[in-house]
Amino acid sequence: MIALTNAEEQVMKYLWRLEKAFFKDLKSQYPDPKPATTTINTLLKRLIDKGYVGFRMYGNSREYYPVVEKNEYFGKQVKELIKDFFSNSTEQFASFFAQETDMDITALEELKEIVEKQIEKRKKNE
Numbered sequence: 002m003i004a005l006t007n008a009e010e011q012v013m014k015y016l017w018r019l020e021k022a023f024f025k026d027l028k029s030q031y032p033d034p035k036p037a038t039t040t041i042n043t044l045l046k047r048l049i050d051k052g053y054v055g056f057r058m059y060g061n062s063r064e065y066y067p068v069v070e071k072n073e074y075f076g077k078q079v080k081e082l083i084k085d086f087f088s089n090s091t092e093q094f095a096s097f098f099a100q101e102t103d104m105d106i107t108a109l110e111e112l113k114e115i116v117e118k119q120i121e122k123r124k125k126n127e
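Numbering (our numbering), first residue to last: 2 to 127.
Structure (C-alpha cells):
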C-alpha cells in the first residue's frame with residue numbers, strides 16, 4: 002500500500018465519509034478558503050494512480066468512490082507506527098497509549114473490556 006500525503010489523506014477522509022461523491026460534493030467538504038479546483042483534481046488523479054480511488058462516468062461527470070477501506074488504510078498506518086516508534090512491540094504501544102493519553106477511568110475500562118473480548122474471541126478460535 003503506497004503512503005499518502007496529508008492532502009491525499011484528507012480527500013480520502015471525505016470520500017470515506019461520503020462513500021461516493023462527485024467533484025462538487027468533495028469540494029464542498031473543505032472549509033473556507035477552499036483549495037483551488039486544480040489542486041483537488043490533482044489529488045484525485047494521484048489517488049486514482051495509487052489505487053485508492055475509483056470512479057464511474059455519468060456523461061462528462063465522474064463519481065468518485067474509495068477503493069481502499071478506511072479500516073484497511075488506518076490499520077496499516079497503526080502497524081507502521083508501532084513498527085517505527087515502538088520497536089514493533091504492541092505491548093510498548095499499548096503501555097504508551099494507556100499512560101500518555103488523557104483517558105478517564107471510564108474510557109480505560111471500556112478499552113479493557115474491548116481487550117478482554119478479543120482475548121475470549123481468540124481463545125475460542127484456537
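The beta carbon of each residue, even a glycine, is placed where N, CA and C say it ideally should be.
Tell me which residues share the same chain as residue 20 and place their Cβ nearer than 8 Å to its Cβ, disregarding the 5 neighbours each side in the sequence. 66 and 67
State the start and end residues of the unbroken beta strand (DSSP E) segment that holds residue 62. 62-67
So residue 74 is in the alpha helix (DSSP H); what residue range does that whole segment cover? 71-86
Give the DSSP-derived three-state secondary structure of residue 58 in the structure shown. strand
In the DSSP output, which residue or residues are listed as bridge partners for residue 22? 65
Would you report the Cα separation of residue 96 and residue 118, rounded to the nearest angstrom? 19 Å
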